[in-house]
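From first to last, the protein sequence lines stand for chains A and B.
Position in the first sequence (first residue = 1) + 104 = our numbering.
Position in the second sequence (first residue = 1) + 104 = our numbering.
Protein chains: 2
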Amino acid sequence: MDVAILKEYLSSCRELVTEQIRSIVPQNRYSSVLYNLMLDYPLRLGKGFRPALCIASSRAQGGRLQDVLRTAAVLELYHNAFLVHDDVEDGSHLRRGQPTLHAQYGVPIAVNVGDAIFALCLKPLLDNTESLGLGKALAVLDTVARMALESAEGQAVELDWVRHSDWSQPDRAYCHMSFKKTCWYTFIAPLRIGGIIAGASPRRMARLKRFGSLIGVAFQIQDDILNLIADVQLYGKEIGGDLWEGKHTVMLLHMMRSLPSSERTEAQRILQMPRETKSVENVEFLFGLMRSCESVAYASRLARRLAEKALAVLDADEERIEPSVHRDFLVAMVDYVVTRNN
Amino acid sequence: MDVAILKEYLSSCRELVTEQIRSIVPQNRYSSVLYNLMLDYPLRLGKGFRPALCIASSRAQGGRLQDVLRTAAVLELYHNAFLVHDDVEDGSHLRRGQPTLHAQYGVPIAVNVGDAIFALCLKPLLDNTESLGLGKALAVLDTVARMALESAEGQAVELDWVRHSDWSQPDRAYCHMSFKKTCWYTFIAPLRIGGIIAGASPRRMARLKRFGSLIGVAFQIQDDILNLIADVQLYGKEIGGDLWEGKHTVMLLHMMRSLPSSERTEAQRILQMPRETKSVENVEFLFGLMRSCESVAYASRLARRLAEKALAVLDADEERIEPSVHRDFLVAMVDYVVTRNN
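What follows is the structure, given as structure tokens:
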């Protein structure tokens with residue numbers, strides 16, 4: 105499957121999912137302001153990886169579109185709630201090419217909008233008991249509960265690292281944090297929920313988790329690379345935001361390990377400064393060090409190695425998923441996450 | 105039941121609930137920092153109204169303590185997550201006599217801690233399917249979903265009023281906002297969840313809702329009064345915070361209606377100022393106007409009228425709840441919410 109067909113798959117899922125989201129988020133309620141803001145990020149039309157992965161996983165394993173669609177839409181809503189709070193937590197200015205919600209309406213309203221979306225996600229998942237049967241509905245809810253907690257744990261560790269100005273972790277620590285922060289809610293939960301709805305075997309479910317972990321960390325590394333070097337028009341977020349925030353990335357950890365100690369001390373000094381006291385020159389200086397260490401190339405190689413392993417997991421003989429356009433999409437996603445430019 | 109016995113009832117519930125909370129919040133996880141912060145507000149030992157109301161409602165209607173305890177603890181956890189976010193949204197400095205979470209650790213960590221507590225609440229509610237049976241477990245989850253959404257809607261309307269500097273609402277609008285923001289999650293959900301677990305009839309459930317609405321608005325009015333005139337040592341929060349924030353209260357709406365137009369214009373001008381640009385003199389001036397309008401006495405009368413109606417609902421003959429210490433607690437709470445001084 106080439107990239108054009110992958111994008112077509114994503115866009116046809118997105119269309120269906122957006123329609124579902126509009127039906128989940130009620131209109132003309134007591135607080136119309138709230139409900140309009142709840143639709144703000146979802147209608148900015150992100151890439152829609154999570155619902156597409158959920159749909160593809162389910163259909164590749166014999167599930168029906170109508171059984172998975174509503175739950176896939178809930179995953180996209182959940183993702184958007186997480187983004188609203190994440191943007192507050194990171195002090196980000198841009199999301200999908202527009203000002204972040206808190207930049208427009210203030211932190212109080214943004215925190216509440218995120219909470220409201222989380223609250224709204226529960227009802228359609230409870231309704232699954234009728235459409236999917238009890239066992240599957242409860243397994244989906246259980247996966248969502250696990251996903252929410254894993255994300256919060258990963259997020260907590262990342263925030264804690266920033267707070268304590270500690271940039272001495274090995275790549276392994278970064279990968280584990282990403283596994284928590286990203287893999288669960290971007291890959292593992294969507295893939296496994298698709299599997300649950302299709303009635304996948306426990307062994308298949310375990311492989312979906314392994315696949316999701318590998319593609320997920322590869323995805324996060326590429327995401328961090330794009331944060332440094334993307335074209336802002338394509339990317340829709342500010343470039344270099346992670347350096348302003350002092351966030352831990354494979355590139356930063358690699359750079360800190362590679363620098364001679366005097367430069368490392370100076371880099372540490374700048375990284376420790378709060379975002380608002382850093383100057384453009386400070387951040388340019390960090391960029392320069394990173395280039396001299398070739399840290400982006402290093403991270404890119406790591407992402408590709410993980411992507412290859414992910415493919416091998418998907419291709420393993422035992423209980424192999426039968427060929428279909430949906431399986432092709434999962435395969436194509438592996439390459440896409442490490443080569444995408446936005 | 106006199107106040108001393110009511111407080112004893114609250115404190116014995118609190119002890120049991122705190123033990124449950126400690127067992128729900130895991131220790132020695134990947135992010136120990138996160139889990140310690142998740143316990144911060146719960147271990148500050150609030151009054152524990154919500155779990156006590158849930159337990160009393162269930163036991164008064166024939167339910168067993170062991171069936172309701174874990175769910176009551178989840179309600180208290182849920183309340184604490186809401187408080188963590190509410191303190192961020194209101195920019196509050198003090199909570200239960202100590203600095204708020206975001207004042208100590210910053211907004212990013214506080215937002216994430218709230219999200220993590222919400223995430224953690226789902227699992228014990230799913231476990232109810234085994235201990236309570238499917239029907240009751242799903243009805244509890246449904247009530248929690250409704251409660252979360254009602255709170256977010258109420259909160260949204262309140263934030264929207266502050267944002268648009270609109271202080272012309274009638275008391276009715278305030279009462280409806282409180283019904284959404286406070287009644288659902290402080291009274292209606294705990295009482296009805298207690299009822300669900302005890303197997304209450306639909307008619308009884310409807311009365312619990314009516315009772316919860318009346319006592320809930322009375323509670324919120326008294327809460328707003330205490331925000332103005334409490335003893336900070338007892339209250340544990342800053343005094344007058346609502347005036348600094350320009351929050352809508354019965355007192356403020358009454359004052360704005362009662363003032364001659366020149367003073368109303370001046371009050372409006374001060375209320376519109378962002379919290380950080382208001383001076384102590386500005387807030388003192390508003391206090392003075394409020395005293396001259398006798399707005400606190402007005403609000404207090406309204407709260408007492410609502411409390412009387414709540415008692416009448418509880419005492420109505422049809423499907424009356426049999427006398428017991430648990431029913432006595434519910435009755436005593438009605439008086440307590442409008443007479444408490446902290």
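Where is the CB? At the ideal position from N, CA and C, for every residue including glycine.
It should be emphasised that the depicted structure is a prediction, and the values quoted were computed from it without experimental measurement.
| query | For the candidate residues A:Ser196, A:Ala223, A:Leu181, whose alpha-carbon lies nearest to that of threonine 122 of chain A? | reply | A:Leu181
| query | Does the beta carbon of histidine 189 of chain A come closer than 8 angstroms to any beta carbon on chain B? | reply | yes
| What runs of the alpha helix (DSSP H), each 4 residues or longer, lie entirely inside the segment 264-315 of chain A? | 275-282, 293-302
| Run of the alpha helix (DSSP H) containing arginine 126 of chain B, from where it starts to where it stops | DSSP places arginine 126 of chain B inside the alpha helix (DSSP H), whose first and last residues are 107-128.
| First and last residue of the uninterrupted alpha helix (DSSP H) at lysine 227 of chain A | 211-236
| task | Mind listing the chain A neighbours of threonine 290 of chain B? Cutoff is C-beta to C-beta under 8 angstroms, in chain order. | result | In chain order: nothing, as chain A lies at least about 16 angstroms away.
| said: Pop quiz: lysine 284 of chain B and tyrosine 134 of chain A are said to be a contact at Cβ under 8 angstroms. What is the actual Cβ separation, rounded to whole angstroms? | reply: 7 angstroms
| request: Tell me, to the nearest whole angstrom, how far the beta carbon of alanine 260 of chain B is from that of valine 137 of chain A; I am working on the premise that it is less than 8 angstroms. | output: 6 angstroms
| request: Check whether the Cβ atoms of tyrosine 69 of chain B and valine 354 of chain B lie closer than 8 angstroms to each other. | output: The question about residue 69 of chain B has no answer, for chain B in this structure spans 105 to 446.
| request: Indicate whether at least one CB of chain B lies closer than 8 angstroms to the CB of phenylalanine 222 of chain A. | output: yes
| query | Can a CB atom of chain A be found closer than 8 angstroms to the CB of lysine 240 of chain B? | reply | Not one chain A Cβ lies under 8 angstroms of lysine 240 of chain B.
| query | Near alanine 334 of chain B, what residues of its chain come up, given a Cβ to Cβ distance below 7 angstroms and the 5 sequence neighbours on each side ignored? | reply | If the five residues before and after alanine 334 of chain B are omitted, its C-beta is found closer than 7 angstroms to the C-beta atoms of Ile343, Asn445, Asn446, all from its own chain and listed in chain order.
| query | Can you find a heavy atom of the ligand ADP that lies under 7 angstroms from the Cβ of proline 306 of chain B? | reply | You won't find the ligand ADP in this model; it holds no ligand whatsoever.
| Sequence-distant residues of its chain with Cβ nearer than 7 angstroms to arginine 174 of chain A (five each side left out) | Gln124, Pro228
| task | Mind reading off the beta-carbon distance from leucine 110 of chain B to phenylalanine 433 of chain B? Whole number of angstroms is fine, and I expect it under 8 angstroms. | result | 6 angstroms
| Looking only at its own chain, which residues have a Cβ that is under 6 angstroms from the Cβ of valine 211 of chain A, when we skip the five neighbours before and after it? | Val192
| Where proline 294 of chain A falls, given that 16 or more other Cβ within 10 Å makes a residue buried | buried
| query | In three-state terms, what does DSSP make of leucine 147 of chain A? | reply | Helix.
| message | Does the structure place the segment 220-235 of chain A close enough to the segment 248-259 of chain B that three or more beta carbon pairs sit under 8 angstroms? | response | yes
| query | If we count Cβ pairs, one from each stretch, closer than 8 angstroms, do we get three or more for the segment 402-419 of chain A versus the segment 320-327 of chain A? | reply | The segment 320-327 of chain A and the segment 402-419 of chain A touch, with three or more beta-carbon pairs separated by less than 8 angstroms.
| task | Would you decide whether aspartate 219 of chain B is buried or exposed? Buried here means 16 or more other CB atoms lie within 10 Å of its CB. | result | buried
| message | Within 8 angstroms of any Cβ in chain B, is that where the Cβ of isoleucine 301 of chain A sits? | response | Residue-level contact check: isoleucine 301 of chain A does not touch chain B, since none of the beta carbons of chain B fall below 8 angstroms from its beta carbon.
| Residues bridged to arginine 424 of chain B by DSSP? | Answer is none; arginine 424 of chain B lacks a bridge partner.
| request: Can you tell me the Cβ-Cβ gap for leucine 418 of chain A and valine 435 of chain A, rounded? I've got them flagged as a contact below 8 angstroms. | output: 6 angstroms
| Residues that threonine 233 of chain A contacts on chain B, provided the C-beta gap is smaller than 7 angstroms | Leu242
| message | Quick check on DSSP: helix, strand or coil for arginine 163 of chain B? | response | helix
| query | So the alpha helix (DSSP H) arginine 408 of chain B belongs to, where does it begin and stop? | reply | 399-419
| field | CA-to-CA distance, cysteine 117 of chain A to alanine 108 of chain A, given in whole angstroms | value | Approximately 14 angstroms between the Cα atoms of the pair.
| query | Hey, out of A:Glu349, A:Phe391, A:Phe389, whose CA is closest to valine 266 of chain A's CA? | reply | With distances taken between Cα atoms, valine 266 of chain A lies closest to A:Glu349.
| field | Candidates B:Phe186, B:Asp270, B:Val172, of which the one nearest methionine 377 of chain B by Cα | value | Residue B:Asp270 is the option with its Cα nearest to methionine 377 of chain B.
| query | Anyone know if the C-beta pair for leucine 363 of chain A and cysteine 397 of chain A falls short of 8 angstroms? | reply | yes
| field | Rounded C-alpha distance that separates glycine 237 of chain A from leucine 141 of chain A | value | 33 angstroms
| task | Please decide whether glutamate 257 of chain A counts as near chain B, where near means a Cβ-Cβ distance under 8 angstroms. | result | Yes, glutamate 257 of chain A counts as interfacial toward chain B.
| task | Using a Cβ-Cβ cut-off of less than 9 angstroms, give me the residues of the segment 246-276 of chain A that come near chain B, in sequence order. | result | Those residues of the segment 246-276 of chain A placed with their C-beta closer than 9 angstroms to a C-beta in chain B are Asp246, Val248, Ala249, Arg250, Met251, Ala252, Leu253, Glu254, Ser255, Ala256, Glu257, Gly258, Gln259, Ala260, Val261, Leu263, Asp264, Val266, Arg267, ordered along the chain.
| said: Just verifying my parser: in three-state terms, what is the DSSP assignment at leucine 169 of chain B? | reply: Leucine 169 of chain B falls in the helix class under three-state DSSP.
| query | What does asparagine 216 of chain A reach in chain B if we use C-beta pairs closer than 8 angstroms? | reply | His189, Glu193, Ala256, Gln259, Ala260, Leu263
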